[in-house]
Amino acid sequence: MRKLNHNQLNKFIVSDVIRPFYQKRLLKLKKIKLNYLIKRKNPYLFKAKNIQTAGDFARYLLDAFLSSQEETIFGDLLESLAVHICKQVFDGEKAEQIKFRSVDLIFKRDNKFYIVSIKSGPNWGNSDQINTMKRNFKKAKEILKKEGEKLRIISVNGCMYGKDNKPFKKDRKDYKKNYYKLCGQQFWELISVDNKLYKKIIKPLDKEVKKRDEIFQDLYVKKLNEMTKDLIELFYANNNLNWNKIIDYVSKKETKK
1 MRKLNHNQLN KFIVSDVIRP FYQKRLLKLK KIKLNYLIKR KNPYLFKAKN IQTAGDFARY
61 LLDAFLSSQE ETIFGDLLES LAVHICKQVF DGEKAEQIKF RSVDLIFKRD NKFYIVSIKS
121 GPNWGNSDQI NTMKRNFKKA KEILKKEGEK LRIISVNGCM YGKDNKPFKK DRKDYKKNYY
181 KLCGQQFWEL ISVDNKLYKK IIKPLDKEVK KRDEIFQDLY VKKLNEMTKD LIELFYANNN
241 LNWNKIIDYV SKKETKK
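For what it's worth, UniProt numbering labels the leading residue of the sequence shown as 1, then goes sequentially.
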């Protein structure tokens, strides 16, 4: 075990988390077009919200798209941060995805072998997805035992934020599917031996974000204006949103010519 170098960690957060996050956000924002976006959103929901102006409609569409994209992008980048931290402290490794399904990180600590499935937050999956993870934990243990691993193998569902006050998850039928769900502070402490790490990673995030958000906001306003203009041209009648046109555009079956 080695002590985590926080100066190097801060540099990694800037170079491998914040910068690529904003680069990917900007790229998504530049590429998105109204005709793509409107066909992938539920028009009945927007009508139920009583949206009456092109500007409000454009903002709802754009914000919903960005929110779903950002959750995935940032989750992947934070996963790479967790693997990086564990590598620095415990020589942890990113698991081979073909060999170990559902397992993202493997490492040894305190004479135990940990296999970790990293998720963004605690409410990440339904019962089928959780059962799949448990089966894959069991298979990973079997593979490691066949390869000669003698240490006790512990399965962990690590969540980068949130809480779970009952972390031990017992399978009633098969003890080999038992696992721990460690969220937020508990997860970051597991991979670093630092019970304050979950707070420390905020500082470099805060400094770098302020530099880059201005560029993003400038492009956001331009894209919002572009989409508002397109909505007016395509779906306005008598200075109002024409919901019949919108519904037809999204849902009307194509007629054969």
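In this text, a Cβ means the ideal position worked out from N, Cα and C, and glycines have one as well. Source: prediction; values computed, not measured.
Ranking D194, K119, Q217 and W243 by CA distance to the CA of M1 puts D194 first. Between the C-alpha atoms of C183 and C159 there is a straight-line separation of about 4 Å. Contact annotation, V14 with L81: C-beta distance approximately 11 Å; criterion of less than 8 Å not satisfied. Looking only at I106, K28, Q97 and I51, the smallest Cα-Cα distance to S68 is reached by K28.
Under the three-state reduction of DSSP, Y114 is assigned to strand. Here the stretch 211-227 makes no contact with the stretch 120-140; the two share fewer than three CB pairs at distances below 8 Å. Per the Cβ contact rule, the stretch 92-101 is not in contact with the stretch 45-52 (fewer than 3 Cβ pairs under 8 Å). According to DSSP, C159 shares a beta bridge with K119 and C183.
Its chain contains K203 and P204 as the residues whose beta carbon lies nearer than 8 Å to that of N10, once the 5 sequence neighbours on both sides are disregarded; these appear in chain order. Contact fails between the stretch 103-113 and the stretch 38-48, because fewer than three Cβ pairs, one in each stretch, are under 8 Å apart.
By the Cβ-count criterion, T228 is buried, with 16 or more other Cβ atoms from all chains shown falling within 10 Å of its own Cβ.
With respect to V250, K39 sits close: the two C-beta atoms are nearer than 9 Å. The beta-bridge partner set that DSSP reports for L241 consists of Y236. Within 10 angstroms of the beta-carbon of I73 lie 16 or more other beta-carbons, which makes it buried. Rounded to whole angstroms, the separation of the alpha carbons of I201 and N5 is 12 Å. D63 and E70 have their alpha carbons spaced roughly 10 Å apart. In this structure, G162 and P122 form a Cβ contact; the two beta carbons are roughly 4 Å apart against a cut-off of 8 Å.
Around W188, the same chain offers L197 and Y198 as residues with beta carbons nearer than 6 Å, after the five sequence neighbours per side are excluded. Nearest C-alpha to Q8 among E226, L34, Y179 and Q88: Q88. Here S192 has L4, I85 and V89 as same chain residues with Cβ atoms under 6 Å from its own Cβ, once five neighbours each way along the sequence are excluded.
Below 8 Å, enough C-beta pairs join the stretch 146-158 and the stretch 172-186 to call them touching: three or more. Comparing alpha-carbon positions, the option among Y175, I98 and I118 lying closest to I143 turns out to be I98.
Beyond the five residues adjoining it in sequence on each side, F21 comes within less than 7 Å, by CB distance, of I73, F74 and L77 in the same chain, given in chain order.
Cβ contact annotation for K245 (same chain, cutoff 8 Å, sequence separation greater than five): L234, F235 and A237, in chain order.
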